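A.B. asks: If you scroll down you'll find the structure; I have some questions about it.
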Amino acid sequence: MFLIIALGNIVVQIPMAALAGVMIMVAIGTFDWSSLKNIHKLPRTDAAVMVVTVGTVLYTHDLSKGVFAGVVLSTIFFAIKISKVKVDSTLEGDSVKVYQLKGLLFFASVTDFHRLI
Numbered sequence: 030m031f032l033i034i035a036l037g038n039i040v041v042q043i044p045m046a047a048l049a050g051v052m053i054m055v056a057i058g059t060f061d062w063s064s065l066k067n068i069h070k071l072p073r074t075d076a077a078v079m080v081v082t083v084g085t086v087l088y089t090h091d092l093s094k095g096v097f098a099g100v101v102l103s104t105i106f107f108a109i110k111i112s113k114v115k116v117d118s119t120l121e122g123d124s125v126k127v128y129q130l131k132g133l134l135f136f137a138s139v140t141d142f143h144r145l146i
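Just so we're aligned, residue 30 is where the sequence shown starts under our numbering, counting upward by one.
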């Protein structure tokens, strides 16, 4: 951001091919190559996010679309994972029923919570 604001006239002169090369080298350097060997040991959701992200980037040739697909899929898996609610009820006395909630109560778990109560 500093380069664009302070040195905008100079940055514009850098060839697009050079910027693409820098981006590719950064991507290769930051990717965890050992995760490919251990993909069968990862949770299925994490492996699915990785495969969908890489597949989207390769199919569309657009890194931003791949990252967006990975973020959306990861968000869906996260919401499904934490939307599990368990309610235990015990009867105390004649008319008092005590409910114990296990899990997080938020918009994705309200339906299960109503059903369990």
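Just so you know, even glycine gets a beta-carbon here, dropped at the ideal spot from N, CA and C. Please read all numbers here as calculations on a predicted model, not as lab measurements.
Relative to the alpha-carbon of S64, which residue among Y128, A77, V55 has its alpha-carbon at the smallest distance?
C.D. replies: Nearest of Y128, A77, V55 to S64, Cα basis: A77.
A.B. asks: G58 and T82: beta carbons closer than 8 Å?
C.D. replies: Going by C-beta atoms, G58 is not nearer than 8 Å to T82.
A.B. asks: Which class does V55 belong to by DSSP, given the choice of helix, strand or coil?
C.D. replies: Here V55 sits in helix by DSSP.
A.B. asks: Looking at the structure shown, is K115 part of a helix, part of a strand, or coil, going by DSSP?
C.D. replies: Strand at K115.
A.B. asks: Taking C-alpha atoms, which residue in E121, H69, K126, D75 lies nearest to V101?
C.D. replies: V101 has its Cα closest to that of D75, out of E121, H69, K126, D75.
A.B. asks: Give me whichever residues DSSP pairs with F70 in a beta bridge.
C.D. replies: The question names Phe, but residue 70 is Lys in the sequence shown. DSSP lists no partner for K70.
A.B. asks: Out of F136, V96, K70, which has the shortest C-alpha to C-alpha gap to A12?
C.D. replies: Coverage of the chain is limited to positions 30 through 146, which leaves residue 12 absent and any answer about it impossible.
A.B. asks: Please list, in chain order, all residues of the same chain as D117 whose beta carbon is under 6 Å from its beta carbon, the five residues on each side excluded.
C.D. replies: Contacts found: Q129.
A.B. asks: Can the beta-carbon of G132 be found less than 8 Å from the beta-carbon of K110?
C.D. replies: Contact flag unset, no.
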